[in-house]
Amino acid sequence: MKNQKAIVETRSLAIGYRSSGTERTIASHLDLQLRPGSLVCLLGSNGAGKSTLMRTLSGLQPALTGEITIDNRPLDDLKPAELAQKLSLVLTDRIDAGNLTAREVVALGRTPYTGWLGTLTKDDHSQIAHSIEQTGITPLLDRHMHQLSDGERQKVMLARALAQDTPLILLDEPTAHLDLPNRVEMMRLLHTLARGMHKAILLSTHELDLALQTADELWLMHPDGKILAGLPEDLVLSGAFEATFARNGFSFDRTTGTFIIHQPADNAQICLEGAAKPLFWIKRALQREGLGISAHRDAPCLIKVFEAENGFEAEISFQNKQVKVSSVQALIGQMHVFFPSPHIRV
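Okay, here's the thing in structure tokens:
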């Protein structure tokens, strides 16, 4: 992707707000590039300025200083009709589509090309059909927008953006209000479209785990007004990812790629060993219950874990006692017997 010519480039960009003669800078000194064929996820905590950056890049909000170019042309020089053929935008806000069907909404994506009469040509119909196929919304076409679920509406709006046939697509939190299966499907679809249709796609999201799995590049908005750009893996391994979301009470585990909630824990009393898959979940449950994990086999309690056909089996050794269990619930119950503690909830 680095060899591709950037479709969007910012130079010394500063974003923020002007009001009543005062200026509030959200982020500055931004030198960013977005290339065709790549899915870039914009991440940051609430209030970091993600939506402000998206609005600025799309021309909805003026930059404070610096320059934005789209396809080698300054954004400020592009007329609305020209910009509409280079950039399509999908916002989080629920748009009132009146009594329009999904098919009619997708067709609106061709508006920048149809002129005053809005007559669709053969090429327009072909582009609409291709967008419908790419997003898999054929079963929705004759339904009215108010009859669709949030996930279905998002797919229709994405199809409209694809019908607009721009090299650049910006999406502000496209997975907001979606359930987990639809969030996963939306991110998978966007990654596929970026690669398959050679689009440059930038989206803002709070779905950190999905962004780590699907993004070609991350833009991390730090609370200090800086943005770090790079491969997800590089940003994780360098510590930049966890630094962006650092808070008291939890930490980011670079090994598993997950956030760990810090629970009040007793002294390390349990040693775990055995099959990795069940071990991961057992360890998480024990830590949630406030039990400390030790790396040494001379800990008061040793738990050996084995994979089984229907899950796992565990052998618990404690003070010359041995107990076998085959569920996490039973294991936690046994820990309550061995280690009576206000932290343990059964």
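Residue 346 is where the sequence shown ends in UniProt numbering, and the numbering goes up by one at each step. In this text, a Cβ means the ideal position worked out from N, Cα and C, and glycines have one as well. These figures come from a predicted structure and were not determined experimentally.
(request) Could you please give me the residues that DSSP links to Gln322 through a beta bridge? (result) Here Gln322 is bridged, per DSSP, to Ser317.
(message) Less than 7 Å between the C-beta atoms of Ala330 and Glu307, yes or no?
(response) no
(message) For Leu168 and Lys79, I'd like the C-alpha separation in whole angstroms.
(response) 16 Å
(message) Just to confirm before moving on: does the CB-CB distance between Leu291 and Ile270 stay below 7 Å?
(response) yes
(request) Would you tell me roughly how many angstroms separate the C-alpha atoms of Arg288 and Leu87, rounded to the nearest one? (result) 46 Å
(request) Express the C-alpha separation of Arg160 and Thr135 in angstroms, rounding to a whole number. (result) 10 Å
(request) Provide the residue(s) that pair with Gln33 in DSSP beta bridges, ordered along the chain. (result) Glu9
(request) Specify the secondary structure class of Pro300 as computed by DSSP and reduced to three states. (result) coil
(request) Kindly list the residues whose CB is nearer than 7 Å to the CB of Pro112, restricted to its own chain and excluding five residues on each side of it in sequence; keep chain order. (result) Only Ala81, Ala84, Gln85 and Gln164 meet the Cβ criterion.
(request) Count the other CB atoms, across all protein chains shown, that sit within 10 Å of the CB of Ala102; report buried if there are 16 or more and exposed otherwise. (result) buried
(request) Measure the C-alpha to C-alpha separation of Asn320 and Pro340 and round it to an integer number of angstroms. (result) 18 Å
(message) Please report the straight-line C-alpha distance between Val305 and Leu75, rounded to a whole angstrom.
(response) 59 Å
(message) Taking contact to mean 3 or more Cβ pairs, one atom from each stretch, closer than 8 Å, check whether the region 141-160 and the region 172-180 are in contact.
(response) yes
(request) Can you grab the Cα-Cα spacing for the pair Glu242 / Lys226, in whole Å? (result) 15 Å
(request) Using a threshold of 7 Å, state whether the C-beta atoms of Leu171 and Leu203 are closer than that. (result) yes
(message) Pop quiz: Ile68 and Leu108 are said to be a contact at Cβ under 8 Å. What is the actual Cβ separation, rounded to whole angstroms?
(response) So it is not a contact: roughly 26 Å between Cβ atoms.
(request) Determine the extent of the beta strand (DSSP E) in which residue 377 is found, giving its start and end residues. (result) In the structure displayed, the chain extends from 1 to 346; residue 377 sits before or after that span and is not available.
(request) For Ser58, count neighbouring Cβ atoms within 10 angstroms of its own Cβ and tell me buried if that reaches 16, exposed if not. (result) buried
(message) Restricting to Cα atoms, I'd like to know which of Gly21, Ala48, Lys324 and Ser327 is closest to Ser28.
(response) Ala48
(request) Return the residue from the list Asn72, His206, Leu189 and Ser131 that minimises the CA-CA distance to Thr92. (result) The shortest Cα separation from Thr92 among Asn72, His206, Leu189 and Ser131 belongs to His206.
(message) Looking at the secondary structure, which residues open and close the beta strand (DSSP E) in which Glu133 lies?
(response) From DSSP, Glu133 is part of no beta strand (DSSP E) but of the alpha helix (DSSP H) over Lys122 to Thr135.
(request) Return the first residue and the last residue of the alpha helix (DSSP H) that residue 364 is part of. (result) The question about residue 364 has no answer, for the chain in this structure spans 1 to 346.
(request) Please classify Val20: is it buried, with 16 or more other beta-carbons within 10 angstroms of its beta-carbon, or exposed? (result) Per the sequence shown, the amino acid found at residue 20 is Ser instead of Val. Here Ser20 is exposed, its C-beta having fewer than 16 other C-beta atoms within 10 Å.
(message) Suppose only complete runs of 3+ residues qualify. What are the beta strand (DSSP E) ranges in the region 132-203, listed by chain order?
(response) 168-172
(request) Please list, in chain order, all residues of the same chain as His191 whose beta carbon is under 6 Å from its beta carbon, the five residues on each side excluded. (result) Leu39 and Thr214
(message) Which residue marks the beginning of the alpha helix (DSSP H) containing Leu218, and which one marks its end?
(response) Per DSSP, Leu218 belongs to no alpha helix (DSSP H); it is in the beta strand (DSSP E), Glu217 to Met221.
(request) List the endpoints of the continuous beta strand (DSSP E) containing Glu67. (result) Thr65 to Ile70
(request) Thinking Leu228 and Leu220 are a contact (beta carbons under 8 Å), I'd like their distance in whole angstroms, please. (result) 5 Å
(request) Look up Val337 in the DSSP assignment and say whether it is helix, strand or coil. (result) Here Val337 sits in helix by DSSP.
(request) Assign Pro62 to buried or exposed, taking buried as 16 or more other Cβ atoms, counted over all protein chains shown, within 10 Å of its Cβ. (result) exposed
(message) To the nearest angstrom, how far is the alpha carbon of Gly333 from that of Phe250?
(response) 25 Å
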